[in-house]
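See below for the structure under consideration.
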Amino acid sequence: MIKKSIRSINTQDAKLAMAHMYVAFIALFIGASAGLIQTLERSGKLKLPAGIGYYQILTVHGVILGLVLTTFFILGFMLASQSKTAGKYTSGERKFAWIGFWMMTIGVVITATFILLNEASVLYTFYAPMMAHPGFYIGLTLVIVGSWFEGFVIFKRHARWRKENPGERTPLLSYMSVITMLMWQIATLGVAATVLIQFIPWSLGLTDSIDVLVSRTLFWYFGHPLVYFWLLPAYMAWYAIIPKIIGGKIFSDSLARLSFILLLLFSIPVGFHHQLTEPGIDPFWKYIQVVLTFLVVIPSLMTAFSLFATFEARGRELGGKGLFGWIKKMPWKDARFLAPFIGMLWFIPGGAGGIINASNQMNQVIHNTIWVTGHFHLTAATSVMLTFFGLAYWLIPSLTGRTLTARMNKWGIIQTIVWSLGMAIMSGAMHWQGLLGGPRRSAYSEYLGNADTAAFGPYQLAQAVGGSILFIGMIIMLVIFVNLAFFAPKGEQEFPVAVEGETSGTTPAVLENWKLWIGVTCALILFAYTIPFIDIIQNAPPGSPGFKLW
Ligand code: HAS
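Residue numbers (our numbering): 633 to 1182.
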């Protein structure tokens, strides 16, 4: 008998979420292929043909993976989660989300075109005084404005749920989506300001100089919350989905909400920790932002505590004995669990590396070295990406009305192992080479013939080996994606959403007081940025004429 295809959420909403997934996985293919080319080029194993430059490939890699894959996957996942837990969107809301989706997609095409034409090889941070073609900035603006449209849909759906269910606790995944998008909307104001007020007029020739420090400060005002924008959806999965997959319950709904509130408060006023070595910013304000950075570590430690509690409680329920007996009771053969769990494990060294980065004195050692590249390949490209892959194993079939077969589950396990192995080799070598002073973002990384730096050879080679293994991991992931989207047997795949444990207590209503939390977020931002920003503008050196790439 042919099984019927049953989608786990409203069909129209599922199509909307899937549209995001298609773009995300095409981006994975393009971006990860650029990553392989880069490691081979850096290690001297490949000479790029046809005048293609190292920085061009690096820009493709950073923009397509860091900005496109993440944003599309995250929005698709959040729309699906909200539709599942708060209920379907109205046709008006859905239309608004589609407008956002198309704006983002057109923006990506415009940006990618100028990168491919080698007129925007400015990397994903597009630091002035490097100047790209105006099309690059215009495309990025469209991506951001499109994402705002989708953010407003998420806010609207949440508000509608509250109106429809007065006095009730809101669905956790919808609440978390609102916080993630609030953080994103507030943070992207910084990048929108620098692009609209500084970069676009400058690249169009309307102004003849740019204030470099203002542009970098506005970028990093956005850049740190950007990395939490990647992390928070992984935390959504860790808090609210993984407990269901292991057959357990959420340790505490209030703790989960509180940690998201703290991430909202502290992830924005910390951008200076990316600028610790930069002149022109008063050290006092760098110190204040480093203190705030250490505060943003707390919700991650709360998350680790909560996850341990969930795993241990479930493991003991299943008969696990002793301090670590629960580990044996986890569903290791389920790719939906294994991939995110390995992601969590990698977040322990990844997070420790972040704490090192944030410590001023140690930052002087690692800043602008390939250690930093190692750090974000552990946090973003491993913890977050393995969680996203783990989500895809059930999310894609549940959106397309198909099922995850035992064979695809096995491939998911292989993918997790391959990805971890590749990343351990590549990121490990990056960390080590960084400690020895190996620079990041340099096309001249080989140092052939230089007695001191020729020692980097083995590390570069290890990165090429790790990068090649990761490329294989990416291909396996794409095969699984295509199978789950188009070929897996029709049927119904569970959309796992956990409920909280009986002992977790009631959730305080103050956690849903948006005026309060938005107010405190703005106050903290004003406190951390107002005086140093005025300082930067008042004491600005003459603007830079810039270096034109086109
Ligand atoms: Fe970072 C640079 C500081 C987290 C990404 N970071 C970057 C860049 C990126 C990035 C992309 O202070 C480069 C930007 C560029 O291009 O220049 N980072 C931190 C700190 C944290 C941190 C303090 N970063 C992340 C995350 C990222 C990310 C997350 C992406 C997703 N980072 C920095 C600093 C720099 C920086 C400086 C600038 C460096 C420079 O000079 O350029 C913290 O949020 C980390 C807190 C995390 C923890 C870990 C908690 C562990 C958990 C797992 C529990 C495991 C379980 C399983 C339960 C404290 C939650 C256990 C099971 C068993 C069996 C054991």
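Cβ coordinates follow ideal geometry from the N, Cα and C atoms, glycine included.
In this text the structure is predicted, and so the values were computed from the model without any measurement.
The region 1054–1067 contacting the region 1137–1150, beta-carbon criterion three pairs below 8 Å: no
C-alpha distance - residue 730 paired with residue 656, whole-angstrom precision: 16 Å
Per-residue burial, residue 976 [other beta carbons within 10 Å of its own, 16 or more giving buried]: buried
DSSP state of residue 826 mapped onto helix, strand, coil: helix
Residue 992 beta carbon near the ligand HAS (any heavy atom closer than 7 Å): no
Where residue 1073 sits in the DSSP three-state scheme: coil
From 822, 810 and 837, residue whose alpha carbon lies closest to that of residue 864: 810
Given residue 924 as reference, the closest of 644, 1165 and 1160 once Cα atoms are compared: 1160
Sub-8 Å separation of residue 807 and residue 889 beta-carbons: yes
Cβ contact (3+ pairs, closer than 8 Å) linking the region 747–758 and the region 773–792: no
Under the three-state DSSP convention, the category residue 965 falls into: coil
Nearest-angstrom Cβ-Cβ length linking residue 1011 and residue 979, presumed shorter than 8 Å: 7 Å
Beta carbon proximity, residue 856 to chain D, threshold 8 Å: The structure shown has no chain D; it contains just one protein chain.
Environment of residue 881 [buried if 16+ CB atoms lie within 10 Å]: buried
Whole-Å CB distance - residue 1003 paired with residue 1058, under 8 Å assumed: Going by Cβ atoms, the distance from residue 1003 to residue 1058 rounds to 13 Å, so no, they are not a contact pair.
As assigned by DSSP and simplified to three states, the class of residue 1122: strand
Pair within 8 Å by beta-carbon distance, residue 1043 and residue 1125: no
Option in 831, 854, 825 and 846 with minimal Cα separation from residue 814: 854
Residue from 740, 754 and 850 whose Cα sits closest to the Cα of residue 703: 740
Segments assigned alpha helix (DSSP H), at least 4 residues, entirely inside the region 786–827: 804–825
Near the ligand HAS: residue 1008 beta-carbon under 7 Å from a heavy atom: yes
Whole-angstrom distance between residue 1112 and residue 1040, CA atom to CA atom: 6 Å
Cβ distance (whole Å) where residue 872 is taken to contact residue 772 below 8 Å: Going by Cβ atoms, the distance from residue 872 to residue 772 rounds to 31 Å, so no, they are not a contact pair.
Beta-carbon spacing of residue 641, residue 716 below 8 Å: yes
Residue 847: CB within 7 Å of a non-hydrogen atom of the ligand HAS: no
Span of the alpha helix (DSSP H) around residue 714: 702–718
CB of residue 1096 within 8 Å of CB of residue 687, strictly: no
Beta carbon of residue 718 nearer than 8 Å to that of residue 875: no
Whole-angstrom distance between residue 929 and residue 917, CA atom to CA atom: 19 Å
Proximity test, residue 701 beta-carbon vs the ligand SAH heavy atom, cut-off 7 Å: Ligands displayed in this structure: the ligand HAS; the ligand SAH is not among them.
Cβ-Cβ distance between residue 858 and residue 819 below 8 Å: yes
Touching by the beta-carbon criterion (3+ pairs, under 8 Å), the region 1136–1144 and the region 696–715: no
Segment contact flag, the region 939–948 with the region 960–971, C-beta cutoff 8 Å, min 3 pairs: yes
Proximity to residue 981 [Cα-Cα], best of 994, 998 and 1006: 1006
CB of residue 1023 within 8 Å of CB of residue 869, strictly: yes
Nearest candidate by alpha-carbon position, reference residue 845, set 822, 1120 and 760: 760
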